[in-house]
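The structure appears below as structure tokens.
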Amino acid sequence: MPANPKDETETQRSRRLILAAVRAVPRGQVAGYGEIARRAGLPGRARLVARVLSTGDEPGLPWHRVLRSDGRVAFPEGSPGYDEQVQRLRAEGVRIEAGKVRGQRAAATLDEMLWAPPEPKPKASRPAAAAGTRRRR
DNA sequence: ACGATGACAATGC
DNA sequence: TGCATTGCCATCG
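Count the first sequence with the numbering used here and you get residues 68 to 204, in order.
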């Protein structure tokens, strides 16, 4: 480790800030890449966040709580990383359907996260159960 | 030095 | 919703 914080390069500093931001995401919560970047004081560096996570070191880092801004998992559906992430999130009680988080889009800001609007829209009940949609039992 | 790549995002149609 | 475009920036060949 740098004997002196002064020896730290810009890249290293960014990395450190990003890791801290990711660790700050509470269990059962999710955040977007761009969001993490902003919280880390690096607005516009979503891609950098992705790169840092892709490195995959840092044991114990809750990388699975980081999603795309639209609430979808960043990995291609079906890939090992995808399955892994979905599983971890579900283990924390996060609802996921069709590859995207339900009931809690990656909060754009901490405020939004705290405001936590109850539910965007329960959408009433399914139009239907129209004949033929019955599921097997 | 240069172009391609990538766990992305915001904007426009 | 979906697709294209542009911005970003560290790495890599």
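Even for Gly, the Cβ is constructed at its ideal location relative to N, Cα and C.
Since the model is a prediction, treat every value here as computed from it, not as a measurement.
Requested in this report: Under 7 angstroms Cβ to Cβ from R103, same chain only, skipping five residues before and after it: list those, please.
Outcome: Contrary to the premise, residue 103 reads as Ile rather than Arg in this sequence. I85, A88, V89, V116, V133.
Query raised in the report: Do you know offhand how far I163's Cα is from D74's?
Result: 43 angstroms
Query raised in the report: What are the start and end residues of the alpha helix (DSSP H) that includes E77?
Result: 77-90
Query - Same chain, Cβ closer than 7 angstroms to L110, neighbours up to 5 away in sequence not counted - result: At residue 110 the sequence reads Pro, which differs from the Leu that was named. So the qualifying residues of the chain are A104.
Query raised in the report: Does DSSP put R94 in a helix, in a strand, or in coil?
Result: coil
Requested in this report: Determine the contact status of R155 and H131, defining contact as a CB-CB distance below 8 angstroms.
Outcome: yes
Report task. Measure the Cβ-Cβ separation of G95 and E151 and say whether it is below 8 angstroms. Result -> no
Query - A104: first and last residue of the uninterrupted alpha helix (DSSP H) it sits in - result: 100-106
Query raised in the report: Which value, in whole angstroms, describes the spacing of the CA atoms of A113 and V119?
Result: 10 angstroms
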